[in-house]
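Structure first, commentary second.
Number of protein chains: 4
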Amino acid sequence: MNSNTEEIDKKEEKGKKEEISNLGLSNKDISRQRLLNKDGTFNSRRTGLPFWETFNFYHYMVGVSWLKFSFIVFSGYVLLNLLFAIVYYLLGVDTHLLGVIAASEMDKFLESFFFSSQSFTTVGYGRISPIGTWTSSIAAFESLVGLMCLAIATGLFYGRFSKPVSKVLYSKNAVVTQFNDITAFQFRIANEQKSELIDVEVRVMFSILREENANTPYRKYYNLKLEFSKINFFSLIWTVNHIIDSESPLYGLTKNDLTNGHAEFLILLQGYDDTFMSNVHSRSSYRHNEILCNAKFANVYGFEEDGRTTVSLDKISDTESV
Amino acid sequence: MNSNTEEIDKKEEKGKKEEISNLGLSNKDISRQRLLNKDGTFNSRRTGLPFWETFNFYHYMVGVSWLKFSFIVFSGYVLLNLLFAIVYYLLGVDTHLLGVIAASEMDKFLESFFFSSQSFTTVGYGRISPIGTWTSSIAAFESLVGLMCLAIATGLFYGRFSKPVSKVLYSKNAVVTQFNDITAFQFRIANEQKSELIDVEVRVMFSILREENANTPYRKYYNLKLEFSKINFFSLIWTVNHIIDSESPLYGLTKNDLTNGHAEFLILLQGYDDTFMSNVHSRSSYRHNEILCNAKFANVYGFEEDGRTTVSLDKISDTESV
Amino acid sequence: MNSNTEEIDKKEEKGKKEEISNLGLSNKDISRQRLLNKDGTFNSRRTGLPFWETFNFYHYMVGVSWLKFSFIVFSGYVLLNLLFAIVYYLLGVDTHLLGVIAASEMDKFLESFFFSSQSFTTVGYGRISPIGTWTSSIAAFESLVGLMCLAIATGLFYGRFSKPVSKVLYSKNAVVTQFNDITAFQFRIANEQKSELIDVEVRVMFSILREENANTPYRKYYNLKLEFSKINFFSLIWTVNHIIDSESPLYGLTKNDLTNGHAEFLILLQGYDDTFMSNVHSRSSYRHNEILCNAKFANVYGFEEDGRTTVSLDKISDTESV
Amino acid sequence: MNSNTEEIDKKEEKGKKEEISNLGLSNKDISRQRLLNKDGTFNSRRTGLPFWETFNFYHYMVGVSWLKFSFIVFSGYVLLNLLFAIVYYLLGVDTHLLGVIAASEMDKFLESFFFSSQSFTTVGYGRISPIGTWTSSIAAFESLVGLMCLAIATGLFYGRFSKPVSKVLYSKNAVVTQFNDITAFQFRIANEQKSELIDVEVRVMFSILREENANTPYRKYYNLKLEFSKINFFSLIWTVNHIIDSESPLYGLTKNDLTNGHAEFLILLQGYDDTFMSNVHSRSSYRHNEILCNAKFANVYGFEEDGRTTVSLDKISDTESV
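Residue numbers (numbering that gives the first Met the number 0), protein chains in the order written: chain A, 0 to 321; chain B, 0 to 321; chain C, 0 to 321; chain D, 0 to 321.
What follows is the structure, encoded as structure tokens:
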């Protein structure tokens, strides 16, 4: 530990009594596990709250895969129809449903089921139609339920659609590179979507576990100063660059220091998606074992015959040794 | 009252002629009641405006409980169908509705009602169908009304769904705690939802009633300076911390001063919900009788077998005496 | 014109060559008419663009009154049905529509019309049903059109609903008031809706026509400094206050100066609506003849029996002479 | 190249090692082609990602023209119906569909197709109705699919509608103009829509290719300082103005320098649309051959008989020689 980081430590000394840093992560979290997963989710767990307090149907349905979503919609449709079919069947198919063509009890139940589905979707062919107050009432109610489910489905579809899918590509590794007499920590990100991201800001936090005093180890968090932390447009590729000068908390640290300190670089990106007209956020992290030393990123720029620039996004993780 | 707060008072002297503080609360509000309820609603009332000027159907329907919402939707459905049923009945069931099966006038009205519901939901089985210009026209109109109601319901459902439910848990009490030679005012908040809150900012306002001059009592409002007033992520738990040093308006105040001054700490939280892609706000307050002196919050951090950190949100209000 | 405003003039001299102030209004706009109407719309006109370039259907339908909206929806429904009815009628009712009950050509057309409405709304009773390729195809197409119209209507309804209706009440007049040795320009605003407005900011611009040199009159625009220009919450009433001290562009101006200069105070308000989760804007203006001198606003605060504060919004424009 | 720009160059020297400027464009992009197209899209291409990684159905459907949108919806409708029609036909029309009127196999297939469309749109006239478990099940499934497609269409319509169409008009050319002893770079923009744009900010970037050292040409990017870069309201017309003084990177450059350096002025506009309640962005650019020297923009202001100001937006590109 050199004097520069000590100085930074002193400035942060005051915050040590705090249970939380301005990253929202606690100094008391002395886990040796990853803090942030590659996909940007936090690697800690919350306990003590009942399931229904934290579960949100809309949130869940907007977030699941299209396969699961379709399965849930289809299952819900079959289950609701089964439920109503049972009611119609119990009320009596012969006397309360007109036009049923059935040779057996099973056929009667199936006709109930199909009548139910015809009411629920409001297709109402009318070969089978309800007579009698009870069956007519239930059918009237089922049609209302069907329409409300349609309304809910519409909301869910729109929620799924209008959710920005800011797929930000991160290079597999970060590198510590050297040009002239300058050392820098770099990683590369690209915008996978065709939409422009506007006013994109990247923040990089460096976290390391300190165990000077074995009884009270604690995590430290540093903001890394970037040469450009904000760009107006993010349409192609961006090499995020932190110069490791004497003011950097990385200054003087060896690869071993990073490993022993369970070091992790937390990446936070935010911007505005021009297509979805919404703020987007992306998170990722590089652990100590994902840092390549003495490497630099390979060139991704080329030109087409008509003179237009091309950028090869499949080479985003390509590195060369220095 | 010590000299420090007096100094702050002087700086605010100029604002005294103003009717309003930058909190939007009036110095003239010398009520001895709570300013802000625990759930974040204001405890004052507006009068003088007619009901319809301030009532907003969408606002109301998006805000009510699911039970009330369902009840209103169902009642509206039944009422509208009754209305149209009366019209069909008055136009004449025998001559204007084909396929009616009815033994009595009551049966005829019921058939009108069910025909109405079949038109409204556009299920249109067709056993009963309209003939004649009038009944056909009314039925055509009813189907349009039904579809518009479906459109409205869809909008309401989506409005209810897409409204962020930023359930922020507040510790039941705030504490005045001491470590080393530092005194601090602290309370704890947690994010009850699974979604991340981003760029969360907390502001704490301290309000106290001054009655030096009994004829013109007035309320004073102070912003409390926080060690961290903004964090990048709010995924777990946050101990909000105000150091009571010589610059704090709380400096030198006793528990009695707080009680006599009907003191209240107003908490304002805002952030961005990553799931609902919307700004969220939460408000709460601690009154003087909800402050525990010489207490500190109990630890909520633990570790799972795999080394992951856990946070027990059910212990958020747990305190220990210092 | 006193020396203070002259000084301010000099600072703005540089901007004179510009065609536009930072308000977006032009110095060249030497109209003697109101700049901003009471309802916040601009009083100038744009010409030279064809109607369809500037017309936006969604914008129009979201902005019209509910009466006009209903009328347009209903008319569109009738017109579209008429159109399809003509097609069905021309294709031949006898051979292409099954189940028609008609004694005359008029009856046949009416049956076509009702069949059309039954297809459009997808109610499809089925008494009348299409046979033959052409009529069946048109009917299949009409049902699709009907569903798309429903989709559009749903979007319009949601657009109308989710549009924040930040009804901000402005006091009828602004006042120039005096307390102790201070002179101030004040007006009062209130939040008419039940929803909270958050982080509300008010900007007041003072505009006056200068004609020193009769050949080149021009408009000047000044920002007025407010004691509080931003409040955290706007749930009740707010007296916006500009102190007319020696730095104010109003300093030394008489009522006559305002009249001769066609003076106008432009009010811009913006905030965040907690219910509609959207930014809201409101604009209004006070012309020289809407300023009351030597008046002050009457008290609106009261208390209920239970000690809660009440604010009488109907007294917002009440003034008393000083 | 004069000493002023050299000085600016030095300040930016440090950034040269960076691969990216704060505009998000790379110094390494030494293409001699246009950087930004007139319509604001970037003129570079991304390669290396599979089609499905970058394609987004919602994004595409919200962005295409109404003609293409209608065509896709109609084609999808016909195709889905054909698909289900084939299934119904293969299951057997005679035994599984009741009420079919068909003289030939072709007629049978057409009846299948129309039954399919009647199920899909849920119009369900009922002349044709399904019997048997298989056909009834498929029909029940088709109605569900139809409703889900309606839900999707509703979402797409709303997405198309609620997308702000901030049509910003740019003058065809930018001018370099002179008044008194001041030289300025100017262009004119107007708001084509009736909605107000609020808090509009314009940024102008000047880009020029440097080839001092023929082996390593690179692009330089400069921010141009504007007299007003932000206005409160953008309802009419705005002349954006950059003074070419000794601190301007344009100072001392000749028309030839611009041509040789493949110079380009990149325009970025952002604001808030009061009607669509959303942020809007617009981009455009002027290449060296679109700059008129010694010209100035013609007047667009006029007055109506009632004294109201008018602005002729069709004259936005009109210039006069100085």
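The beta-carbon is built from N, C-alpha and C at its ideal position, and this holds for glycine as well.
In this text, all values refer to a predicted model and were calculated from it rather than measured experimentally.
Residue burial classification, residue i (beta-carbon count within 10 angstroms, cutoff 16)
{"i": "residue 120/D", "result": "buried"}
{"i": "residue 158/A", "result": "buried"}
{"i": "residue 266/D", "result": "buried"}
{"i": "residue 276/A", "result": "buried"}
{"i": "residue 9/D", "result": "Low per-residue confidence applies at residue 9/D: pLDDT is 43, beneath 50, and the placement is therefore not dependable enough to give any value."}
{"i": "residue 273/C", "result": "buried"}
{"i": "residue 282/B", "result": "buried"}
{"i": "residue 195/C", "result": "buried"}
{"i": "residue 248/D", "result": "buried"}
{"i": "residue 150/A", "result": "buried"}
{"i": "residue 80/D", "result": "buried"}
{"i": "residue 253/C", "result": "exposed"}
{"i": "residue 129/B", "result": "buried"}
{"i": "residue 15/C", "result": "Residue confidence for residue 15/C is low, a pLDDT of 39 falling below 50, so the modelled location carries little weight; the figure read from the coordinates is stated next. Exposed."}
{"i": "residue 361/A", "result": "There is no way to answer for residue 361/A, as the model of chain A reaches only from 0 to 321."}
{"i": "residue 17/C", "result": "With a pLDDT of only 38 at residue 17/C, under 50, the local geometry of the prediction cannot be trusted, and no value is derived from it."}
{"i": "residue 74/A", "result": "exposed"}
{"i": "residue 231/B", "result": "buried"}
Member of the options whose CA lies at the smallest distance from the CA of residue i
{"i": "residue 163/A", "options": "90/A, 84/A, 297/A and 190/A", "result": "190/A"}
{"i": "residue 206/B", "options": "197/B, 199/B, 218/B and 200/B", "result": "218/B"}
{"i": "residue 32/A", "options": "305/A, 249/A, 42/A and 312/A", "result": "42/A"}
{"i": "residue 96/D", "options": "311/D, 114/D and 289/D", "result": "114/D"}
{"i": "residue 52/D", "options": "192/A, 252/A and 251/A", "result": "192/A"}
{"i": "residue 117/A", "options": "302/A, 226/A and 84/A", "result": "84/A"}
{"i": "residue 197/B", "options": "185/A, 223/A, 268/A and 251/A", "result": "268/A"}
{"i": "residue 210/B", "options": "105/B, 228/B, 183/B and 260/B", "result": "260/B"}
{"i": "residue 201/C", "options": "171/C, 239/C and 221/C", "result": "239/C"}
{"i": "residue 223/A", "options": "215/A, 203/A, 314/A and 143/A", "result": "203/A"}
{"i": "residue 314/A", "options": "170/A, 227/A and 179/A", "result": "170/A"}
{"i": "residue 325/A", "options": "309/A, 301/A, 320/A and 316/A", "result": "Not covered by the structure: residue 325/A. The range shown for chain A is 0 to 321."}
{"i": "residue 244/B", "options": "225/B, 256/B, 262/B and 235/B", "result": "225/B"}
DSSP three-state assignment for residue i, whether helix, strand or coil
{"i": "residue 289/A", "result": "helix"}
{"i": "residue 271/B", "result": "strand"}
{"i": "residue 4/A", "result": "Residue confidence for residue 4/A is low, a pLDDT of 46 falling below 50, so the modelled location carries little weight; the figure read from the coordinates is stated next. Helix, per DSSP."}
{"i": "residue 276/C", "result": "coil"}
{"i": "residue 54/A", "result": "coil"}
{"i": "residue 307/A", "result": "coil"}
{"i": "residue 169/D", "result": "strand"}
{"i": "residue 225/D", "result": "coil"}
{"i": "residue 189/A", "result": "strand"}
{"i": "residue 312/D", "result": "helix"}
{"i": "residue 85/A", "result": "helix"}
{"i": "residue 95/D", "result": "helix"}
{"i": "residue 217/A", "result": "strand"}
Residues that residue i contacts on chain D, provided the C-beta gap is smaller than 7 Å
{"i": "residue 154/C", "result": "153, 156, 157 and 160"}
{"i": "residue 274/A", "result": "58"}
Partners in chain C for residue i, counting only beta-carbon separations shorter than 7 Å
{"i": "residue 113/D", "result": "135 and 139"}
Under 9 Å from the C-beta of residue i: neighbouring residues of chain D
{"i": "residue 94/A", "result": "In chain order: nothing, as chain D lies at least about 21 Å away."}
Under 9 Å from the C-beta of residue i: neighbouring residues of chain A
{"i": "residue 288/D", "result": "Within 9 Å Cβ-Cβ: nothing; residue 288/D doesn't reach chain A, min ~16 Å."}
Chain B contact residues for residue i, given Cβ-Cβ distances below 7 Å
{"i": "residue 228/A", "result": "Near residue 228/A there are no residues of chain B at all, since even the closest Cβ is about 13 Å away, more than 7 Å."}
According to a CB-to-CB cut-off of less than 7 Å, which residues of the region 115 to 135 of chain D neighbour chain A? 118, 121, 123, 125, 128, 130, 132 and 135
Give, in chain order, every residue of the region 34 to 55 of chain B whose Cβ lies closer than 7 Å to some Cβ of chain C. 41, 42, 43, 44, 45, 46, 47, 48, 52, 53 and 55
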